[in-house]
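A short worksheet on the structure shown next.
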Amino acid sequence: MSARYVLHGTWLSGPTYKVALLLSLLGQKFDYVHVNLQQGWNKQAEFLSKNRFGQVPCLTDREAGYSLAQSGAILEYVASNHGRFLQEGTLARQRAREWIFWDFDRLAPNIYRPRARKLGFRPADTETLQMYMRDGSAALTVLDEALAAGPWLLGQAPTIADVDVYGVASYATEAGFDLASYPSVGAWMLRMQSLPGFRSADNLLPKQDALEV
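Taking the working numbering, the leading residue of the sequence shown gets 124, the next gets one more, and so forth.
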């Protein structure tokens with residue numbers, strides 16, 4: 124029997140990892156379709172029919188018969204389908220969205236971009252790299268201070284906010300940040316890694332198509 128979900132992505136993509144991680148935490152097997160961005164597979168008509176933005180990740184829900192784009196939206200959709208990693212109430216859900224939007228604006232670009240530069244995928248001169256590192260350090264400080272107040276970003280249980288932000292913070296070392304400077308972030312990451320169903324990006328994102336990851 125085919126898995127309910129098909130995840131289209133690439134193994135280097137933090138946003139793809141966020142979605143794969145939530146599915147794993149939920150115990151949801153998924154089929155995986157590798158999208159080669161360097162060869163422009165994401166710009167081909169077949170992929171664009173699923174994701175008009177031509178980006179990864181893209182999640183197809185076979186049961187519902189449609190596909191979704193943008194990792195934050197996908198996280199909320201999947202969590203809603205399975206009734207976990209969401210807090211009750213409109214305000215609580217808005218708080219989760221606040222963290223997801225903050226992450227996209229403040230943390231993600233300043234970790235993903237220097238990481239991409241180190242991997243040779245995104246050029247940046249020294250001054251630009253220093254800007255990323257400075258802004259990334261400021262964002263990690265905000266995150267560290269928030270996590271000093273409690274075990275999770277929203278109260279006493281993990282939510283999609285934690286999954287989303289972890290999917291960025293987990294690449295911070297690759298980007299050149301020393302997480303020893305952010306002890307509350309480090310402790311929170313260990314808590315994430317101890318959750319049932321947790322798997323690292325290396326164990327969740329193949330470099331080729333795969334059935335039931």
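The beta-carbon is built from N, C-alpha and C at its ideal position, and this holds for glycine as well.
For a test of the three-state rule: what should DSSP assign to valine 179, helix, strand or coil? One-based indexing of the sequence shown puts residue 179 at position 56. Taken through DSSP and simplified to helix, strand or coil, valine 179 comes out as coil.
Which full runs of the beta strand (DSSP E) of 3+ residues lie inside the region 136-182, going along the chain? 153-157
Per DSSP, which one or two residues make a beta bridge with glycine 278? As a first step, residue 278 is located in the sequence shown; it is residue number 155 there, counting from the start. As a beta-bridge residue in DSSP terms, glycine 278 pairs with Trp275.
Using DSSP's beta-bridge definition, name the partner residues of histidine 131. Position 8 of the sequence shown holds residue 131. Beta-bridge pairing links histidine 131 to Val156 and Cys181.
Classify leucine 242: buried if its beta carbon has 16 or more other beta carbons within 10 angstroms, exposed otherwise. For the purposes of this step, residue 242 is taken as residue 119 along the sequence shown, with counting starting at 1. Flag for leucine 242 reads exposed.
Starting from alanine 192, follow the beta strand (DSSP E) in both directions and report where the run begins and ends. On the sequence shown, position 69 is the one that residue 192 refers to. For alanine 192, the enclosing beta strand (DSSP E) begins and ends at 189-192.
So what does DSSP say about alanine 262, is it helix, strand or coil? Taking the first residue of the sequence shown as 1, we reach residue 262 at position 139. The answer is helix: DSSP assigns alanine 262 an H, G or I state.
Alanine 310 lies in the alpha helix (DSSP H); which residues open and close that run? In the sequence shown, residue 310 corresponds to position 187, counting from 1. Taken as a continuous stretch (DSSP letters only), the alpha helix (DSSP H) holding alanine 310 covers 306-316.
Below 8 Å, how does it come out for the region 257-266 and the region 289-304: are there three or more Cβ pairs, yes or no? yes
So, with DSSP's three-state summary, where would you put alanine 333? For the purposes of this step, residue 333 is identified with residue 210 of the sequence shown, where counting begins at 1. Reduced to three states, the DSSP call for alanine 333 is strand.
In the DSSP assignment, find the unbroken alpha helix (DSSP H) run with arginine 218 in it and report its ends. Residue mapping note: residue 218 aligns to position 95 of the sequence shown, counting from 1. Run containing arginine 218: 213-225, per the alpha helix (DSSP H) assignment.
For a test of the three-state rule: what should DSSP assign to aspartate 267, helix, strand or coil? For the purposes of this step, residue 267 is taken as residue 144 along the sequence shown, with counting starting at 1. For aspartate 267, the three-state secondary structure derived from DSSP is helix.
Separation of alanine 239 from serine 253, as counted between CA atoms: Translated into the one-based positions of the sequence shown, residue 253 becomes position 130. Translated into the one-based positions of the sequence shown, residue 239 becomes position 116. According to the sequence as given, residue 253 is glutamine; it is not serine. Going from the Cα of glutamine 253 to the Cα of alanine 239 covers about 14 Å.
Among the candidates Val288, Gly150, Thr249 and Pro329, whose CA atom is the shortest distance from the CA of valine 308? Counting from 1 along the sequence shown, the entry for residue 308 is found at position 185. Cα-wise, what sits closest to valine 308 is Val288.
Close beta carbons around aspartate 226, own chain, < 7 Å, minus the five adjacent residues each side: Here the question's residue 226 lines up with position 103 in the sequence shown. Asp287, Val288 and Val291.
Is the region 206-226 close to the region 179-191, with three or more CB pairs under 8 Å? no
In three-state terms, what does DSSP make of tyrosine 289? Here residue 289 is taken as the residue at index 166 of the sequence shown, counted from 1. In the structure shown, tyrosine 289 sits in a helix (DSSP, three-state: H, G or I).
State the CB to CB distance for the pair leucine 270 and aspartate 154, rounded to an integer number of angstroms; the pair is presumed to be in contact (CB under 8 Å). Here residue 270 refers to the residue found at position 147 when the sequence shown is read from its first residue. Here residue 154 refers to the residue found at position 31 when the sequence shown is read from its first residue. Wrong, their Cβ atoms sit about 34 Å apart, outside the cutoff.
Measure the Cβ-Cβ separation of glycine 150 and isoleucine 234 and say whether it is below 9 Å. Walking along the sequence shown from the start, residue 150 turns up at place 27. Walking along the sequence shown from the start, residue 234 turns up at place 111. Between glycine 150 and isoleucine 234, the C-beta gap is not smaller than 9 Å, which leaves the two residues out of contact.
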